[in-house]
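Quick mapping for you: the protein sequence lines, in order, are chains E and Z. Heads up: the first sequence begins at 1 in the numbering used here, then just goes up one per residue. Heads up: the second sequence begins at 1001 in the numbering used here, then just goes up one per residue. We treat Cβ as the ideally placed atom computed from N, Cα and C, and that holds for glycine. Report on the structure given below.
There are 2 protein chains.
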Amino acid sequence: MSSDIDVLVREVGLRDGLQNTETIVPTEGKLAWIEAELAAGVREIEVASFVPARLMPQFADAEEVVTRAMALPGLTVMALAPNLKGAERAFALGVHKVDYVTSVSRTHNIKNVRREREASLEDFKRIVQARDAAGLKGRTQLAAGLSTALGCSYEGRIAVDEVRQCAAFLAEAGADEIMIADTVGYADPRQVREVFKAVLAETGDIPVAAHFHDTRGTGLANVSAALDCGIRRFDASLGGLGGCPYAPGASGNIVTEDLCFMLDSMGLRTGIDLQRLLAVRDIPARYLGADSLSGALARAGLPRHYRTATERATA
Amino acid sequence: MSSDIDVLVREVGLRDGLQNTETIVPTEGKLAWIEAELAAGVREIEVASFVPARLMPQFADAEEVVTRAMALPGLTVMALAPNLKGAERAFALGVHKVDYVTSVSRTHNIKNVRREREASLEDFKRIVQARDAAGLKGRTQLAAGLSTALGCSYEGRIAVDEVRQCAAFLAEAGADEIMIADTVGYADPRQVREVFKAVLAETGDIPVAAHFHDTRGTGLANVSAALDCGIRRFDASLGGLGGCPYAPGASGNIVTEDLCFMLDSMGLRTGIDLQRLLAVRDIPARYLGADSLSGALARAGLPRHYRTATERATA
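So this is what it looks like as structure tokens:
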């Protein structure tokens, strides 16, 4: 992470948000959204998913979106690969970061990708090998995600030790980043502390990111708990767009704007201009309808006399 | 606090919620709401405000609501008194708890009650004397609130030392409880820790409660930070009803249902049955419209296989 920010906020609305929408956002709309977030100061964006277009037509333009996003100076471009085949599509473009996700919940993993959890974990090793064989080691980072790490619609609570073991496997397999996801919004701050402490004990110097959903209102409380553990990378979605089609009852990710406001208020610099970020909402709203976006900061506006973390640090 | 719960959740929707609604909820509706929350396990409810009926016709039935609520076994009945006159009305009924609020922000205090902050603080002493003179010491508790303690629409950030001094004054003056309120939803978890630690250093054995609004999405994160400081009393409003008519941009209190879910998930017993609590929403919705109630738990439902804090403690 560059030294002028304290916390990296990664926008995942273009992937986690759009994978649940019926309306297909045109490529130009996606690029406008990416460019506007970058201009607001967002430095890392998950822009697409390399799933087969017949399964998710929303991502039929993944190659074009990734290629054009990679041409934007200062942006780290991430794309999801659901399997080795998807990862190979990503490697062909030399994308900056590929994320690959395994469910800690065995049942959810089978429902989601029709494979046993252990088979999915083993696949990550093959993705690392394919990346290295493509000569992309040190150029394309591999972020390994663990979904349903804080609860599962099918299995309920997930044992902390299961998460720890999976994280240890991925760290050993060569992950450049580990992402811990509360896919269905079951987590509470106490559990977050417990799970992240267990994960951090296995991951050494590998950065750990948190991916929270705000399904039951605890999203930012969980961020605060993760901050207490030393986590400094968070996924979020503009307007809280998103969810998981195979996890009944899941709703959106934590809201990027609200996350950035809380972090900034806490004196943690994100590099993101809150007013400019709020203005970006107009772009997805144009395609998906303003009603599809949530967010408390957008509703209430910044506090009067608000001074940003940077302003306070330099005052 | 009784030993079978870890955290006291106080419902304030009938006061802080209704003071901003144009629709007047009939007395029978208020009583049905109070009874249903009590049946769900809520042990303390702020049921009315002793403001002049010409200013807030919503509370013209304050005497009747308080009297009938006090007849319900097991319920602690609290009512707001904006001044000595209001407190005297409350004392005449022997209400269990009277809360009286001063703004830490001098500007907000003048706008809200047309008095200097120091005059408002001094009035609390007179309220204590009036309570004692009425022979209610040990019977009617006096909760002293400090609003805008974490930010003000007029003044912006509020110095921690101002909050500390006001809390020290109220503790010295004989408050049975001190309530720290983020009236306009400016607070972040770091600030909450700072302010509550400063307050707790002045309040000795006097219980301190937190009253958060969720205006900018940080409400439950602030609860979690307050829990870290040892706070075990929280105000909340069913469906997040509420705000402050004199604080531009303020929106509702934290949602009682979401607060109870987070606490329960953390293993903190509230004594409140989440499903029964969710069902209570039908009562205010009947009068105010379902759209006036927010809440993530109501939208998403309890997690599947959810086990309550009590079930887990006794498993």
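Return helix, strand or coil for Ala-1209/Z, following the three-state DSSP convention. Sequence index remark: in the second sequence, residue 1209/Z carries index 209 (1-based). It is a strand residue.
Output the boundary residues of the alpha helix (DSSP H) element that contains Arg-114/E. Within the first sequence, numbered from 1, the residue matching residue 114/E stands at position 114. Taken as a continuous stretch (DSSP letters only), Arg-114/E belongs to no alpha helix (DSSP H), as it is neither H nor E.
Could you tell me which of Thr-1067/Z, Leu-1220/Z, Gly-1174/Z and Ala-1225/Z sits nearest to Gly-1138/Z, measuring between CA atoms? Position 138 of the second sequence holds residue 1138/Z. Nearest of Thr-1067/Z, Leu-1220/Z, Gly-1174/Z and Ala-1225/Z to Gly-1138/Z, Cα basis: Gly-1174/Z.
What are the residues in the region 1253-1280 of chain Z lying within 8 Å of chain E by C-beta distance? Val-1255, Asp-1258, Phe-1261, Met-1262, Ser-1265, Met-1266 and Gly-1267
In this structure, how does DSSP classify Leu-1268/Z when only helix, strand and coil are distinguished? The residue you call residue 1268/Z lines up with position 268 of the second sequence. Three-state result, Leu-1268/Z: coil.
Between Leu-84/E, Val-160/E and Met-56/E, which has its C-alpha nearest Val-104/E's C-alpha? Residue mapping note: residue 104/E aligns to position 104 of the first sequence, counting from 1. The candidate whose alpha carbon is nearest that of Val-104/E is Val-160/E.
Glu-1162/Z to Ala-1209/Z, Cα distance in whole Å? Taking the second sequence and counting its residues from 1, one reaches residue 1162/Z at position 162. Taking the second sequence and counting its residues from 1, one reaches residue 1209/Z at position 209. In a straight line, the C-alpha of Glu-1162/Z is about 18 Å away from that of Ala-1209/Z.
Check the Cβ of Arg-1164/Z against every Cβ in chain E and list those closer than 9 Å, keeping chain order. The residue given as residue 1164/Z occupies position 164 in the second sequence. Ordered by position in chain E, no residue passes the 9 Å Cβ test against Arg-1164/Z, which lies about 20 Å from the chain.
Cβ shell of Pro-248/E (< 7 Å), same chain only, five flanking positions each side left out: The sequence position of residue 248/E within the first sequence is 248, counting from 1. Note that Pro-248/E has pLDDT 46, beneath the 50 cutoff, so the model's placement of it is unreliable and no number is given.
Compute the distance between the beta-carbons of Glu-1172/Z and Asp-1099/Z, then report whether it is under 8 Å. Within the second sequence, the letter at position 172 stands for residue 1172/Z. Within the second sequence, the letter at position 99 stands for residue 1099/Z. Cβ distance not < 8 Å, so Glu-1172/Z and Asp-1099/Z don't count as in contact.
Alpha carbon to alpha carbon, what distance is there between Glu-1035/Z and Glu-1028/Z? Residue numbering aside, residue 1028/Z sits at position 28 when the second sequence is read from its first letter. Residue numbering aside, residue 1035/Z sits at position 35 when the second sequence is read from its first letter. Their backbone Cα atoms lie some 10 Å apart in a straight line.
What is the rounded straight-line gap between the Cα of Arg-1126/Z and the Cα of Ala-1198/Z? Along the second sequence, read from residue 1 onward, the residue named residue 1126/Z stands at position 126. Along the second sequence, read from residue 1 onward, the residue named residue 1198/Z stands at position 198. The alpha-carbon atoms of Arg-1126/Z and Ala-1198/Z are separated by roughly 26 Å.
Pull up the distance between the alpha-carbon of Arg-15/E and that of Gly-301/E, whole angstroms please. Walking along the first sequence from the start, residue 15/E turns up at place 15. Walking along the first sequence from the start, residue 301/E turns up at place 301. So the alpha carbons of these two residues sit roughly 26 Å apart.
So with Cβ pairs under 8 Å, would you call Gly-289/E a contact of chain Z? Within the first sequence, residue 289/E is the residue found at index 289, counting from 1. So, not an interface residue.
Under 8 Å, Cβ to Cβ, is there at least one residue of chain Z near His-108/E? Here residue 108/E is taken as the residue at index 108 of the first sequence, counted from 1. Not closer than 8 Å to any Cβ of chain Z, the Cβ of His-108/E fails to qualify, so no.
Pick from Thr-1203/Z, Thr-1107/Z and Leu-1293/Z that is closest to Gly-1258/Z, judged by C-alpha positions: On the second sequence, residue 1258/Z is found 258 positions in, with the first residue counted as 1. The sequence shown places Asp at residue 1258/Z, not Gly. Taking only the C-alpha atoms, the option nearest Asp-1258/Z is Leu-1293/Z.
State the start and end residues of the unbroken beta strand (DSSP E) segment that holds Ser-147/E. The residue labelled residue 147/E in the question sits at position 147 within the first sequence. Taken as a continuous stretch (DSSP letters only), the beta strand (DSSP E) holding Ser-147/E covers 141-147.
Find the residues of chain Z that neighbour Leu-238/E, judging by a C-beta separation of less than 8 Å, and give them in chain order. Numbered from its first residue, the first sequence carries residue 238/E at position 238. Within chain Z, no residue comes near Leu-238/E; the closest Cβ sits about 14 Å away, beyond 8 Å.
Return the bridge partner residues of Gly-156/E from the DSSP annotation. Position 156 of the first sequence, counted from the start, is the residue given in the question as residue 156/E. Answer is Cys-152/E.
Starting from the C-beta of Val-1101/Z, find all residues in its chain whose C-beta is less than 6 Å away, skip the five residues before and the five after it, and write them out in chain order. In the second sequence, counting from the first residue as 1, residue 1101/Z sits at position 101. Answer for Val-1101/Z: Gly-1145 and Ser-1147, listed in chain order.
Proximal residues to Val-95/E (C-beta, below 8 Å), its chain only, five neighbours per side dropped: For this step, residue 95/E is matched to residue 95 along the first sequence. Here the set comprises Val-66, Met-70, Val-77, Met-78, Ala-79 and Thr-140.
Compare the C-beta of Tyr-1100/Z against all C-beta atoms of chain E and say whether one is closer than 8 Å. For this step, residue 1100/Z is matched to residue 100 along the second sequence. So, not an interface residue.
Near-chain E residues of the region 1211-1232 of chain Z - C-beta to any C-beta below 9 Å: Asp-1214, Thr-1215, Arg-1216, Gly-1217, Thr-1218, Gly-1219, Leu-1220, Ala-1221, Asn-1222, Val-1223, Ser-1224, Ala-1225, Leu-1227 and Asp-1228
Can you check whether the C-beta of Ser-105/E is within less than 8 Å of a C-beta belonging to chain Z? For the purposes of this step, residue 105/E is identified with residue 105 of the first sequence, where counting begins at 1. Not an interface residue.
Indicate the three-state DSSP secondary structure (helix, strand or coil) for Ile-45/E in the structure shown. Indexing the first sequence from 1 puts residue 45/E at position 45. Three-state result, Ile-45/E: strand.
Just checking: is the beta-carbon of Arg-1117/Z within a distance shorter than 8 Å of some beta-carbon in chain E? Taking the first residue of the second sequence as 1, we reach residue 1117/Z at position 117. Taking Cβ atoms only, chain E never reaches closer than 8 Å to Arg-1117/Z, which makes this a no.
Taking its Cβ as the centre, do 16 or more other Cβ atoms sit within 10 Å of Gly-204/E, making it buried, or is it exposed? On the first sequence, position 204 is the one that residue 204/E refers to. Exposed: under 16 other Cβ atoms inside 10 Å.
Would you call the CB atoms of Gly-1267/Z and Arg-190/E closer than 8 Å? Within the second sequence, the letter at position 267 stands for residue 1267/Z. Within the first sequence, the letter at position 190 stands for residue 190/E. For Gly-1267/Z and Arg-190/E, yes; Cβs fall inside 8 Å.
Which stretch, first to last residue, makes up the alpha helix (DSSP H) that contains Asp-228/E? In the first sequence, the residue the question calls residue 228/E occupies position 228. Where Asp-228/E is concerned, the enclosing alpha helix (DSSP H) stretches over 219-228.
Can you give me the Cβ contacts of Ile-1206/Z inside the same chain, cut-off strictly under 8 Å, excluding the 5 residues immediately before and after it? The count along the second sequence starts at 1 and reaches residue 1206/Z at position 206. Counting only Cβ-Cβ distances below 8 Å, and skipping sequence neighbours, we find Ala-1171, Ala-1175, Asp-1176, Glu-1177 and Ile-1178.
Residues of the region 144-164 of chain E with Cβ closer than 8 Å to any Cβ of chain Z, in chain order: Gly-151, Ser-153, Tyr-154, Glu-155, Gly-156 and Arg-157
I'd like to know whether the C-beta of Asp-1182/Z is nearer than 8 Å to at least one C-beta of chain E. Here residue 1182/Z refers to the residue found at position 182 of the second sequence. No, Asp-1182/Z does not count as interfacial toward chain E.
Drop a sphere of 10 angstroms on the beta-carbon of Ser-2/E, count the other beta-carbons inside from all chains shown, and report buried for 16 or more, exposed for fewer. Along the first sequence, one-based indexing puts residue 2/E at 2. By the neighbour-count rule (16 or more Cβ atoms within 10 Å), Ser-2/E is not buried but exposed.
Which residues, taken in chain order from the region 289-309 of chain E, show a beta carbon closer than 8 Å to some beta carbon of chain Z? Gly-295, Ala-296, Leu-297, Arg-299, Ala-300, Gly-301, Pro-303, Arg-304, His-305, Tyr-306 and Arg-307
Is Trp-1033/Z buried or exposed, if buried means 16 or more other CB atoms sit within 10 Å of its CB? Mapped onto the second sequence, residue 1033/Z falls at position 33. With 16 or more other Cβ atoms within 10 Å, it is buried.
Going straight from the alpha carbon of His-1213/Z to that of Ala-40/E, what length do you get? By one-based count along the second sequence, residue 1213/Z stands at place 213. By one-based count along the first sequence, residue 40/E stands at place 40. Approximately 28 Å between the Cα atoms of the pair.
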